[in-house]
Ligand code: ITT
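Numbering (the working numbering), first residue to last: 18 to 219.
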């Protein structure tokens, strides 16, 4: 079966891609950086999610000689002019946890009233071939930032992100199969399916 390298060191993302691929039934065998003996430190110097996804996908495709999917994603908060955005993983500095990051976000929004806390998760997916060809797709999920963390599922900022149309539930309160139908990552992946088929399976 055709292999596809999922170029991420984030275990939450990995789990979601395994489920997304299984749901789509694509005849692709997923592999991961650790499984391929790869430990790259790609500098995410891009200004956009798309630029950073391309940087990661190309670096791993070249190092592994495998078709590679990378994802750059994050949270844009309107009251913070789109922050943390592409800096979502680094928002609270080096060596910090998911909880440190969402606590810093809640603190930054402490004065912001309900109704002004709109936000969205965004995800850019890049699929690169070892020769350098690359295609991208994007997905978004709209919502707002709550006042305290709720829920046990997911990862990252999920406990503080209240999903539009979910009856007031945070992303971390949605069962994984529901997150994987409506999330930014699910939507970006859906948008990339036809590209994956053309690039890898035709
Ligand atoms: P890789 O670069 O190795 O894939 P990363 O975690 O550093 O892992 P990003 O640079 O794309 O990935 O940063 C994305 C950050 O945005 C991630 O660390 C979370 O804090 C947040 N994020 C992205 N998708 C999320 C999701 O589905 N739920 C909650 N937080 C998310």
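Idealized CB from N, CA, C, for every residue including glycine.
Unbroken alpha helix (DSSP H) runs of length 4 or more, entirely within the segment 136–206: which are they?
193–199, all fully within the segment 136–206.
Look at residue 139 and residue 90 and say whether their C-beta atoms are less than 8 Å apart.
For the purposes of this step, residue 139 is identified with residue 122 of the chain shown, where counting begins at 1. For the purposes of this step, residue 90 is identified with residue 73 of the chain shown, where counting begins at 1. The answer is yes: Cβ separation under 8 Å.
Tell me whether residue 118, by its Cβ, gets closer than 7 Å to a heavy atom of the ligand ITT.
Locating residue 118 in the chain shown gives position 101, counting from the first residue. It does: the Cβ of residue 118 is within 7 Å (strictly closer) of some heavy atom of the ligand ITT.
Output the boundary residues of the beta strand (DSSP E) element that contains residue 46.
Counted from its first residue, the chain shown places residue 46 at position 29. Looking at the DSSP string, the run of the beta strand (DSSP E) that includes residue 46 is 45–48.
Can you tell me the Cα-Cα spacing of residue 57 and residue 25, whole angstroms?
For the purposes of this step, residue 57 is identified with residue 40 of the chain shown, where counting begins at 1. For the purposes of this step, residue 25 is identified with residue 8 of the chain shown, where counting begins at 1. Their backbone Cα atoms lie some 10 Å apart in a straight line.
Could you give the C-beta distance for residue 217 and residue 84, rounded to a whole number, given that I count them as a contact under 8 Å?
Counted from its first residue, the chain shown places residue 217 at position 200. Counted from its first residue, the chain shown places residue 84 at position 67. The Cβ separation is near 5 Å, so the contact holds.
Run through DSSP, which three-state label would residue 122 get?
The residue labelled residue 122 in the question sits at position 105 within the chain shown. In this structure, residue 122 counts as helix in the three-state DSSP scheme.
Less than 8 Å separating the beta-carbons of residue 202 and residue 145?
Here residue 202 corresponds to residue number 185 of the chain shown, with the count starting at 1. Here residue 145 corresponds to residue number 128 of the chain shown, with the count starting at 1. Against a cut-off of 8 Å, the Cβ pair of residue 145 and residue 202 comes out as no contact.
Within a Cβ cutoff of 7 Å, which residues of the same chain sit near residue 183, ignoring the five residues on either side of it in sequence?
Against the chain shown, residue 183 aligns to sequence position 166. 191, listed in sequence order.
For the beta strand (DSSP E) that residue 102 lies in, which residues bound it at each end?
Walking along the chain shown from the start, residue 102 turns up at place 85. Neither: residue 102 is in no beta strand (DSSP E) and is coded neither H nor E.
What's the C-alpha gap between residue 110 and residue 166?
On the chain shown, position 93 is the one that residue 110 refers to. On the chain shown, position 149 is the one that residue 166 refers to. Going by the C-alpha atoms only, they are around 20 Å apart.
Use the C-beta contact count for residue 219: other C-beta atoms within 10 angstroms, 16 or more gives buried, fewer gives exposed.
By 1-based counting over the chain shown, the position of residue 219 is 202. Exposed, since its Cβ has fewer than 16 Cβ neighbours within 10 Å.
Closer than 7 Å: is that where the CB of residue 187 sits relative to any heavy atom of the ligand ITT?
For this step, residue 187 is matched to residue 170 along the chain shown. Residue 187: no, Cβ never under 7 Å from the ligand ITT.
Confirm the yes/no value for this check: CB of residue 106, any heavy atom of the ligand ITT, distance under 7 Å.
As a first step, residue 106 must be located in the chain shown, where it is residue number 89. Yes, the Cβ of residue 106 comes within 7 Å of a heavy atom of the ligand ITT.
Leaving out five residues on either side along the sequence, give the residues of the same chain with a beta carbon under 6 Å from the beta carbon of residue 87.
What you label residue 87 is simply residue 70 of the chain shown in a count that begins at 1. Excluding residues within five positions, the ones whose Cβ falls inside 6 Å are 24, 70, 73, 74 and 143.
Under 7 Å from any heavy atom of the ligand ITT, does the C-beta of residue 56 make it?
Mapped onto the chain shown, residue 56 falls at position 39. No - the ligand ITT has no heavy atom lying nearer than 7 Å to the Cβ of residue 56.
Hey, out of 176, 81, 80 and 82, whose CA is closest to residue 117's CA?
Start at 1 with the first residue of the chain shown, and residue 117 comes out as number 100. Among 176, 81, 80 and 82, the Cα nearest to that of residue 117 is on 176.
Excluding five sequence neighbours on each side, which residues of the same chain lie with their C-beta closer than 7 Å to the C-beta of residue 171?
Residue 171 sits at position 154 when you count from the first residue of the chain shown. Excluding residues within five positions, the ones whose Cβ falls inside 7 Å are 29, 188, 189 and 196.
Classify residue 204 as buried or exposed, calling it buried when 16 or more other Cβ atoms lie within 10 Å of its own Cβ.
As a working note, residue 204 is residue 187 in the chain shown. Buried, because 16 or more other Cβ atoms sit within 10 Å of the Cβ of residue 204.
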